[in-house]
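Colleague:
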Amino acid sequence: MTTSARTRGEGPISPSGTPAIPVFLYHAVMDDPPEWIAEFTVTPRQFAAHLDVIVGSGRTPVTISAIADHLAGRAPLPPRPVLLTFDDGFADLPGPTAEVLARRGLPATAYLTTGAIAPGGRSLLPPAPMMTLARAAELERSGMEIGSHTVTHAQLDTLSAKDLAYELRTSKAVLEDALGHEIRHLAYPHGYNSPRVRAMSARTGYETATAVRHALSSDRDERYRIARLIVRRTHTVADVEGWLAGAGARVAPYRDGPKTIAWRWYRRARAMVHGPQFAG
Numbered sequence: 000m001t002t003s004a005r006t007r008g009e010g011p012i013s014p015s016g017t018p019a020i021p022v023f024l025y026h027a028v029m030d031d032p033p034e035w036i037a038e039f040t041v042t043p044r045q046f047a048a049h050l051d052v053i054v055g056s057g058r059t060p061v062t063i064s065a066i067a068d069h070l071a072g073r074a075p076l077p078p079r080p081v082l083l084t085f086d087d088g089f090a091d092l093p094g095p096t097a098e099v100l101a102r103r104g105l106p107a108t109a110y111l112t113t114g115a116i117a118p119g120g121r122s123l124l125p126p127a128p129m130m131t132l133a134r135a136a137e138l139e140r141s142g143m144e145i146g147s148h149t150v151t152h153a154q155l156d157t158l159s160a161k162d163l164a165y166e167l168r169t170s171k172a173v174l175e176d177a178l179g180h181e182i183r184h185l186a187y188p189h190g191y192n193s194p195r196v197r198a199m200s201a202r203t204g205y206e207t208a209t210a211v212r213h214a215l216s217s218d219r220d221e222r223y224r225i226a227r228l229i230v231r232r233t234h235t236v237a238d239v240e241g242w243l244a245g246a247g248a249r250v251a252p253y254r255d256g257p258k259t260i261a262w263r264w265y266r267r268a269r270a271m272v273h274g275p276q277f278a279g
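Taking numbering that gives the first Met the number 0, I'd label the letters of the sequence shown as residues 0 to 279.
1) Nearest-angstrom Cα distance between L138 and G279?
2) Quick check on the burial criterion: 16 or more other C-beta atoms within 10 angstroms. Buried or exposed for T149?
3) Would you mind giving the Cβ-Cβ distance between S193 and K171, rounded to the nearest angstrom? I have them listed as a contact below 8 Å.
4) Return the chain-ordered ranges of every alpha helix (DSSP H) run that is complete within the region 200-269 and spans a minimum of 4 residues.
5) Counting only the same chain and skipping the five closest in sequence on each side, list residues whose C-beta sits under 6 Å from that of P252.
6) Using DSSP's beta-bridge definition, name the partner residues of G119.
7) Taking the straight line between their C-alpha atoms, what separation do you get for D176 and T169?
8) If contact is defined by three or more beta carbon pairs under 8 Å, each pair taking one atom from either stretch, is the region 19-33 in contact with the region 206-215?
9) Pick from L132, G241, Q154 and P188: whose alpha carbon is nearest that of G179?
10) Use the C-beta contact count for I260: other C-beta atoms within 10 angstroms, 16 or more gives buried, fewer gives exposed.
11) Where does I20 sit, in a helix, a strand or coil, going by DSSP?
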């Protein structure tokens, strides 16, 4: 880290020579979540404490479109950006979660699993209280940008070309029909992706796609696997403060390691035997 970076409070410098950008990944915000999502759930009290730290950090909250515009060369990012994202579409999102964000003037991005929230839809998500597709417009009015999180929440990097196209195209179309405008952004379920998945996402018309990686992003990150920090119930306010300072995690972009690649091939072989698997 350079002395000037320390002075500005921008945290570690990425391999490209630019400051780190924290992109937070939340799921449910509730006191009594189903066991399967409990690890990735924070309580309303924890969430409020996180938001207070974010507001006090001096960072500029943005939606994914700001990062997309920067990566496409259309517009610069504001100084020291931070991005809040929410996956799946749990029932708290268009209610208390959106309200607490709006009270603090914090925009966010919500990636919705259409098979879990649309009437008659089917997904691989285990049972949980979910929002409805009809409330997606409420999220936009409260300051959230909407993106796709596929139809079923499958492990995309294990799917056939036909099934992958269905997940990417159908979820996009369902959200566009509900909201009346183009859906430009995607989040891979559990972050699972591959060169083939990234290429198909681009061909389907998405401008960006977020992964997980549990890493800090940067303004040189890859458009189709933007790194996010997955927030668990065990993470503390000190963890959030560290990420906001650009510390406590690796900085993207970086290549997948051998373990990640081997795990992908194992999951792909398992899916060939058992069919599409829940990404979780």
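For each residue, glycine too, the CB sits at the ideal point set by N, CA and C.
Just so we're clear, the structure is a prediction, and the values are computed from it rather than from any experiment.
Modeller: Taking the geometry as given:
1) Whole-angstrom Cα-Cα distance: 24 Å.
2) buried
3) No, S193 and K171 are not in contact; Cβ-Cβ is about 19 Å, not under 8 Å.
4) 236-243
5) D220 and E221
6) Paired residue(s): none; G119 is not in a bridge.
7) Taking the straight line joining both Cα atoms gives about 10 Å.
8) yes
9) L132
10) exposed
11) strand
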